Amino acid sequence: MDLSMTDNARGKSTEKKDENFFVFLVKLVAIVAIFRSFVFSPFNIPSESMLPRLIDGDYLLAAKWPYGFSSYSLPFSAPLLPNRVLAHQPMRGDIVIFKAPPTNEVDYIKRVIGLPGDTVQMKGGQLFLNGNAVPKVRIADFEVPVSPNTHCYSARFETTRSDGTEVCRYPRYQETLPAGDGQPGKRYEVLDLLNTPQDDTPPILVPEGTLFLMGDNRDNSMDSRFPAIANEGIGLVPQDNLVGRATIMMWSTDGSASWIKPWTWFTAARWHRIWGTF
């Protein structure tokens, strides 16, 4: 047997395998990029502005198609789409992920309250939409255990359960937005902790192409009630800034897990929150 021919055959076989692996990687990257751009993309919750629905340490999937696609839908916000295509307007009550003004660089998550043409105002902590008070009903207090991911807004909300668990206990309410476009009014829960300046705002008319967005934790959310200033308010958000709609709760952790203690990967999980829908 000619050993040189055998070595050449082996070399070609190795090159072919390397080439096939490279092609596989390219295809895999392309599939992931398409999936994240046009189908679903993961997001994590880094704050408490959307309590009680969303908690710091939640990981969710956002559907990318409901509102159409723009450059913000693409990885790294690649400027490949000059305008939003297949655009659809959100519904009041949707929880949306968007690029926050004024920098349009950081992903935020809030609830849609006002659509174009709506007038939004807060009076004494009560939400008014187009001059009408949005029904707000007091329900059972919301409790969330203290953890590395959760700290009470202030000491006045700290308490201990009978089993010794330290929790934050907050006043909770249920709001119901008005029905529209043949859809029933969205019902959701909010927290109203204190009397704060953002409990009273002037009436704001939502211009065409923009949205009025608010956090459900009304006294701990920098949202459309505040002017668009970096790391502060967001003002009225252009619909072109939309990235997706919160759809499925994928994972939730209280932040107590340690990489060197594998059992904590399970004890830190908030199992009761996983796979919830919005």
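Everything in the sequence shown is counted per my numbering, starting at 2 for the first residue and increasing by one. All C-beta atoms, glycine included, are put in the ideal place defined by N, C-alpha and C. Note that the coordinates shown come from a computational prediction; the quantities given were computed from them, not determined experimentally.
Just to confirm, are G210 and P179 a CB contact at a threshold of 8 angstroms? Within the sequence shown, the letter at position 209 stands for residue 210. Within the sequence shown, the letter at position 178 stands for residue 179. Contact: no.
Does M2 come out as helix, strand or coil in the three-state DSSP assignment? Translated into the one-based positions of the sequence shown, residue 2 becomes position 1. In this prediction, M2 scores a pLDDT of 49, lower than 50, which makes its location untrustworthy; the coordinate-derived value is nonetheless stated afterwards. Coil.
Just list the residues that DSSP pairs T248 with in beta bridges. Position 247 of the sequence shown, counted from the start, is the residue given in the question as residue 248. T248 is not bridged to any residue.
With DSSP as the reference, identify every bridge partner of I98, one or two as the case may be. Within the sequence shown, numbered from 1, the residue matching residue 98 stands at position 97. According to DSSP, which records beta bridges pairwise, I98 is partnered with I110, G245.
At least 3 beta-carbon pairs within less than 8 angstroms: the region 156-171 vs the region 132-139: no
For A231, which option in R93, L87, R85, Y109 has the closest C-alpha, if you only look at C-alpha atoms? Mapped onto the sequence shown, residue 231 falls at position 230. Among R93, L87, R85, Y109, the Cα nearest to that of A231 belongs to Y109.
Have a look at P76 and G165 and give me their C-alpha separation to the nearest angstrom. As a first step, residue 76 must be located in the sequence shown, where it is residue number 75. As a first step, residue 165 must be located in the sequence shown, where it is residue number 164. Each residue's Cα considered, the two are about 45 angstroms apart.
With respect to the alpha helix (DSSP H) encompassing T211, which residues constitute its N-terminal and C-terminal limits? As a working mapping, residue 211 is identified with position 210 in the sequence shown. That residue, T211, is in no alpha helix (DSSP H); its beta strand (DSSP E) goes 211-215.
Leaving out five residues on either side along the sequence, give the residues of the same chain with a beta carbon under 7 angstroms from the beta carbon of M6. Looking up residue 6 in the sequence shown gives position 5. Note that M6 scores 48 on pLDDT, short of 50, meaning its location in the model is unreliable; the coordinates nonetheless yield the value given after this. Counting only Cβ-Cβ distances below 7 angstroms, and skipping sequence neighbours, we find nothing.
Mark S42 as exposed unless 16 or more other C-beta atoms lie within 10 angstroms of its C-beta, in which case mark it buried. Looking up residue 42 in the sequence shown gives position 41. Buried, by the Cβ-count rule.
F267: first and last residue of the uninterrupted alpha helix (DSSP H) it sits in: Locating residue 267 in the sequence shown gives position 266, counting from the first residue. Per DSSP, F267 belongs to the alpha helix (DSSP H) from 265-268.
Pair within 8 angstroms by beta-carbon distance, R188 and T197: To locate residue 188, count along the sequence shown from 1; it is residue 187. To locate residue 197, count along the sequence shown from 1; it is residue 196. The answer is no: Cβ separation not under 8 angstroms.
Candidates L237, W272, L206: closest to M215 by CA position: Here residue 215 is taken as the residue at index 214 of the sequence shown, counted from 1. Selected option, being the one with the closest Cα: L237.
Quick one: is L243 buried, meaning 16 or more other Cβ sit within 10 Å of its Cβ, or exposed? The residue given as residue 243 occupies position 242 in the sequence shown. With 16 or more other Cβ atoms within 10 Å, it is buried.
D200 in three-state terms, based on DSSP: What you label residue 200 is simply residue 199 of the sequence shown in a count that begins at 1. Residue state, collapsed to three classes: helix.
Hey, how far is the Cα of N298 from the Cα of T268? Shown here, the chain extends from 2 to 279; a query on residue 298 therefore has no answer.
Beta-carbon proximity list for W264, same chain, < 7 angstroms, skipping 5 on both sides: Walking along the sequence shown from the start, residue 264 turns up at place 263. There are no such residues.
Measuring CA to CA, which of L87, L192, E106, E167 is closest to S71? If you number the sequence shown from 1, residue 71 lands on position 70. S71 has its Cα closest to that of L87, out of L87, L192, E106, E167.
Collapsed DSSP secondary structure at F158 in the structure displayed: Taking the sequence shown and counting its residues from 1, the one referred to as residue 158 is at position 157. Note: F158 maps to helix in three-state DSSP.
Select from G256, F227, A258, M251 the residue whose C-alpha is nearest the C-alpha of G122. Residue 122 sits at position 121 when you count from the first residue of the sequence shown. The question names Gly, but residue 122 is Gln in the sequence shown. When only C-alpha atoms are compared, the closest one is F227.
Would you grab the beta carbon distance between T120 and L206 for me? Rounded to a whole angstrom, and I think it's under 8 angstroms. Translated into the one-based positions of the sequence shown, residue 120 becomes position 119. Translated into the one-based positions of the sequence shown, residue 206 becomes position 205. Right, their Cβ atoms sit about 5 angstroms apart.
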